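Numbering (the working numbering), first residue to last: 1185 to 1431. C-beta: ideal position from N, C-alpha, C; glycine also. Predicted, not measured: the structure shown is a model, and the values here were computed from it.
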Ligand SMILES: Nc1ncnc2c1ncn2[C@@H]1O[C@H](COP(=O)(O)OP(=O)(O)O)[C@@H](O)[C@H]1O
Ligand SMILES: [Mg+2]
């Protein structure tokens, strides 16, 4: 079953077509990576799924519900979470306080799973789970501002996971990271449960080929190819227009 389906999605800014009839499926539990040169339209595509950008035409379906053009908070209530390039942490609050705030936001949701009795214990347990999931166990008391760049991005993933999403959107989660931070981020993403589907943009080929179940290559707003890492590596068109450029 598909968690996400894009049907002939189309977006233009004036004369510039950034999303040119893109159709794409992310299956339940899949890790799908989008690659493509700068300006290919990768971020614009993710923004249309998260609701930050309104498509000009076509459809976005999450678990077969048409969410095209919905605002971001409604889309997030449908189980879609994302991280942003720009850091959205409360720098003076601790790791656990940042996570608890994200859990509180979920409490505001009428569908919340915490009963008023025992709410505090349940939240603490969930915060501990989330810290472990992003490899920040034992860092709960540290102020966010004292975390390294890589650790801050790990915490952002915990915050995205606090809402129990089914689909996680990641836009270049390793950008600006050192090789060791990148390695830690790959391990973290690789260890997330398969109950979560992931659609991520990535430019680091090492990350792409170690995490992806399937890869979609974008070029000038169009899908150039979709396939397994082996299929993409063997695709002549992809080698010509994209992989060739890297070398
Ligand atoms: N709000 C906007 N208005 C006009 N052009 C935009 C806007 N956002 C992005 N673009 C243009 O759309 C193209 C695709 O951008 P983007 O989706 O950020 O690409 P990528 O993430 O693949 O580098 C680029 O040429 C960019 O300049
Ligand atoms: Mg981008």
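Cβ pair residue i, residue j closer than 9 Å
i, j, result
"residue 1263", "residue 1348", "yes"
"residue 1191", "residue 1266", "no"
"residue 1399", "residue 1354", "no"
"residue 1231", "residue 1406", "no"
"residue 1217", "residue 1395", "yes"
"residue 1276", "residue 1346", "no"
"residue 1350", "residue 1380", "yes"
"residue 1324", "residue 1311", "yes"
"residue 1208", "residue 1410", "yes"
"residue 1337", "residue 1369", "yes"
Residue from the options with nearest C-alpha to residue i
i, options, result
"residue 1388", "1221, 1204 and 1284", "1221"
"residue 1308", "1288, 1229, 1319 and 1273", "1288"
"residue 1268", "1322, 1306, 1367 and 1228", "1228"
"residue 1248", "1213, 1306, 1290 and 1186", "1186"
"residue 1413", "1257, 1397, 1420 and 1194", "1397"
"residue 1378", "1258, 1261 and 1212", "1212"
"residue 1280", "1364, 1290, 1342 and 1384", "1342"
"residue 1361", "1306, 1219, 1334 and 1418", "1334"
"residue 1330", "1305, 1215, 1223 and 1278", "1278"
Between the CA atoms of residue j and residue i - distance to the nearest angstrom
i, j, result
"residue 1202", "residue 1344", "26 Å"
"residue 1225", "residue 1303", "43 Å"
"residue 1433", "residue 1237", "The chain is shown only over 1185 to 1431; residue 1433 falls outside these bounds and no answer can be derived."
"residue 1393", "residue 1425", "18 Å"
"residue 1245", "residue 1372", "27 Å"
"residue 1386", "residue 1358", "8 Å"
"residue 1240", "residue 1196", "7 Å"
"residue 1408", "residue 1319", "36 Å"
"residue 1332", "residue 1188", "33 Å"
"residue 1273", "residue 1404", "33 Å"
"residue 1284", "residue 1402", "37 Å"
Residue i CB to nearest heavy atom of ligand 2 below 8 Å
i, result
"residue 1356", "yes"
"residue 1219", "no"
"residue 1233", "no"
"residue 1195", "no"
"residue 1203", "no"
Cβ-heavy atom distance, residue i to ligand 1, below 8 Å
i, result
"residue 1265", "no"
"residue 1222", "yes"
"residue 1379", "no"
"residue 1392", "no"
"residue 1385", "yes"
"residue 1400", "no"
"residue 1228", "yes"
"residue 1200", "yes"
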